[in-house]
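Residue numbers for the sequence shown, in mature numbering (1 follows the signal peptide of the UniProt record, and there is no 0): -19 to -1, 1 to 372. Following: one structure in structure tokens, then a few remarks.
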Amino acid sequence: MATKTLWLCCFLLLGLAFAQDEDASDDPSTEELCENRSADEYFRLTTDGDCRDVVRCDSNSDTGVTRLASVRCPVGLAFDVDRQTCDWKTNVKNCDKLEKPRKALPIFKTDEPVCPDGKLSCGNGECIEKELFCNGKPDCKDESDENSCTVETDPNRALDCDQTQCVLPDCFTQCVLPDCFCSADGTRIPGQLEPANVPQMITLTFNGAVNVDNIDLYEEVFNGQRANPNGCQIRGTFFVSHKYSNYSAVQDLHRKGHEIGVFSITHKDDPDYWSKGSYDDWLAEMAGDRLIIERFANITDSSIVGVRAPYLRVGGNNQFQMMTDQYFVYDASITASLGRVPIWPYTLYFRMPHKCNGNAHNCPSRSHPIWEMVLPQQESSNLGNGHERIR
């Protein structure tokens, strides 16, 4: 009897193993899951569970092996595959989806040319003029010409940094200061100065409404007791939003020598409104904000030339084309990943010298005569006794 029972157990275990192998063979491989999928796209392997777990394709540049990197949202949150971010579970309506909708992509790389010179192929094989790609409106029947428009993929993207290249339409001006500066990796300093030999420069910036809730704090920070090495009092930049601002306080900040920039009229709380905003949206929000500040804070010296996007959600080429047309000088919204050497400010005549940080951002891919005061990520370490070191 014991022998029969043992054989029965072995048979059941063997059957279970075969069943598992058969089920496993039905699961797609990592290569299949990651085919034609970008490294910054998160997706689910299953709709079971609490909607917190997603993965992305992570390729090792040294070995060439692709693996699935797992990410889990904090307790109480769920992952929104459409917006590619964690959010309160009540706000996420796509827990039944494995991935965000797949869009038709143009065909840029082929073994043999499929379109005449000056034209590129849509996803459906239709050929249209190269200039029509990534111009803000679909021209392909499958709309694929507007679906591959990142800093790396836009066929009409800005060129890589070349300081000998002409940067103005008249083609008489090369990339020279004070109108243009770039470097291959963004870390070079004008004059070929070594970073280790350059004193650290810090800008103090604040964004949002200026009113009774924060003006006391600003007066405490800028109390007249902090000075630069040359003896001049420190100053800050205030990117002001219209809603809830006290313009008498804004006028006083400007009178004391602080810089005033724009931070939008409405400060809408939908981040996608900013990253997907149209040219007219950015025109109304930023140029409109400047007009309001100039009028109600009585700033008449044309000194409002800086822009910061709410939530640091950059608006792509629409934002920067608006800034060019409205004679803004610089943006202070793009962030850079933590690095050993910080990124130096650069102009967007040429391609950004660093990656567009984050998978929800819409960095400009075209050439724009705008300075970028990039925001480097910082890390802090606890030194004890209530002190922290930030680097």
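C-beta: ideal position from N, C-alpha, C; glycine also. Since we're looking at a predicted model, the values are computed, not measured.
- A distance of 7 Å or more separates the beta carbons of C38 and F331.
- Separation of N137 and R25 (C-alpha to C-alpha, rounded to the nearest whole angstrom) is 33 Å.
- DSSP places E200 in the uninterrupted alpha helix (DSSP H) bounded by I196 to V202.
- Look at I273 here: in three-state DSSP terms it is helix.
- In the displayed model, L113 falls within a helix according to three-state DSSP.
- If the five residues before and after S125 are omitted, its C-beta is found closer than 6 Å to the C-beta atoms of A85, L86, P87, C103 and G104, all from its own chain and listed in chain order.
- Look at R236 here: in three-state DSSP terms it is helix.
- Note on G296: 16 or more other CB atoms within 10 angstroms of its CB, so buried under the neighbour-count rule.
- According to the DSSP secondary-structure assignment, V35 is paired through a beta bridge with V52.
- In this chain, the beta strand (DSSP E) harbouring F187 covers T186 to G189.
- Counting only runs of at least 4 residues, the segment 277 to 342 fully encloses the following alpha helix (DSSP H) elements, listed from N- to C-terminal order: 297 to 306.
- In this structure, the CA atom of C147 is about 19 Å from the CA atom of G167.
- Proximity to P345 across F60, S314 and S318 peaks at S314, based on C-alpha coordinates.
- The Cβ neighbour count for F309, taken over all protein chains shown within 10 Å, is at least 16; the residue is labelled buried.
- Going by beta carbons, P291 and S245 fall inside the 7 Å limit.
- Burial is judged here by how many other beta carbons sit within 10 angstroms of a residue's own beta carbon; C67 has at least 16 and is buried.
- In the assembly as shown, M182 is an exposed residue. Its beta-carbon has fewer than 16 other beta-carbons within 10 Å.
- Cα atoms of I196 and N227: separation of roughly 10 Å, rounded to the nearest angstrom.
- In the DSSP assignment, T11 falls within the alpha helix (DSSP H) that extends over T11 to C15.
- Setting aside the 5 residues that flank it on each side, F301 is surrounded in the same chain by D312, L329, P345, R347, H349 and I351, each with a C-beta closer than 8 Å to its C-beta; the list follows chain order.
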